[in-house]
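Numbering (UniProt numbering), first residue to last: 1 to 352. All C-beta atoms in this analysis are idealised placements derived from N, C-alpha and C, irrespective of residue type, glycine included. Predicted model only: the values in this text are computed from it and were never measured.
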């Protein structure tokens, strides 16, 4: 690791806030600070140096590679450069992350979930892949096909949250450090979020489904602040447009400017290709990279070539057919939330 880069007050202010009016995204970014913000930066830095330990490691959650100026300003932006509020936020983050930290942030995903990570992604597809035109990691999430019933069979809400810590600290964090190692000019330890609402219905917005999203978001807002570079909500159903107009009115202009909502598939793909290189974009979103299912299998599939999941609702008996090729072997795993005794039978038939 190269020696830490230490910024002077002059460097932090750069051209001051002269360009922020024209580009609100420059607010609070090193090189564009006001005198007041610069003073806050050095007070926060002094507090970090004084406390050290978990306080410091929480601020540098993605590693020292992020750089002092960029890490500190990320936290300061989250609380509008009010140092007392930032310190309180870090203290809350230290408390929130205390148990995960004691467990090493769950380095083994199976131990975190209690099941194979592939099963999690089969029921709630999410993945990091590629880099956007503005140089940040891209994250795809498909809540429209989130299966709460499937999730309840394979894991618990606590298991999902443990897995979220694993992803943030052992997957996303590693990707950021890898980008920094390849390009020393990489500064923005942030994420471009693509939220695909294809398939989402009002019936899916259950208390249990919202609890998963809410709890993950609560961790991110306290422990990983200011990591959303942009969010593109695509394939949104008609009912979401009405909700979004209300939600947008609650957001500050800077946050609202990071979020776009697009309804149609063609329009979504067109916009994605404007923001993400075609070679970085999965094929199911109009790019030339592998499709998202193949990428998930590549990242977490181990030696498996394919995986199928089926949810069965038993009111006596049920059956499922699985076709296995001549040169294939198969492992069948059954998860249930039933407390009653169940019996299963597997029949094999060979088709000419």
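By the criterion of a C-beta distance shorter than 7 Å, residue 149 is surrounded in its chain by 311, once the five residues flanking it on both sides are discounted. Per DSSP, the continuous beta strand (DSSP E) segment holding residue 232 begins and ends at 228–234. For the 8 Å CB-CB criterion, residue 288 and residue 278 form a contact.
The beta carbon of residue 224 sits closer than 7 Å to the beta carbons of 61 and 168 from its chain, once the five residues preceding and following it are set aside; these are given in chain order. Residue 195 carries a strand assignment under DSSP once its states are collapsed to helix, strand and coil. Shown here, residue 130 sits in a strand according to DSSP, grouped into three states.
The beta carbons of residue 6 and residue 68 sit closer together than 8 Å. Residue pairing by DSSP places residue 282 opposite 289 in a beta bridge. Take residue 54, set aside five residues on each side of it, and the residues of its chain with a beta-carbon closer than 6 Å to its own are 94, in chain order. DSSP, read as helix, strand or coil, puts residue 324 in coil. Sequence-distant Cβ neighbours of residue 232 in its own chain, meaning closer than 6 Å and more than five residues away, are 194 and 260. Boundaries of the beta strand (DSSP E) around residue 259: 259–261. Per DSSP, residue 140 is not a residue of any alpha helix (DSSP H); the beta strand (DSSP E) it occupies stretches across 137–141.
For residue 307, there is no enclosing alpha helix (DSSP H), since its DSSP letter is neither H nor E. Around residue 104, the same chain offers no residue with a beta carbon nearer than 8 Å, after the five sequence neighbours per side are excluded. In the three-state scheme derived from DSSP, where H, G and I count as helix and E and B as strand, residue 27 is classed as coil.
A residue is called buried once 16 or more other Cβ atoms fall within 10 Å of its Cβ, and residue 178, having fewer, is exposed.
Here residue 190 is buried. Its C-beta has 16 or more other C-beta atoms within 10 Å. Its Cα nearest to that of residue 126, the residue 138 stands out among 88, 138 and 181.
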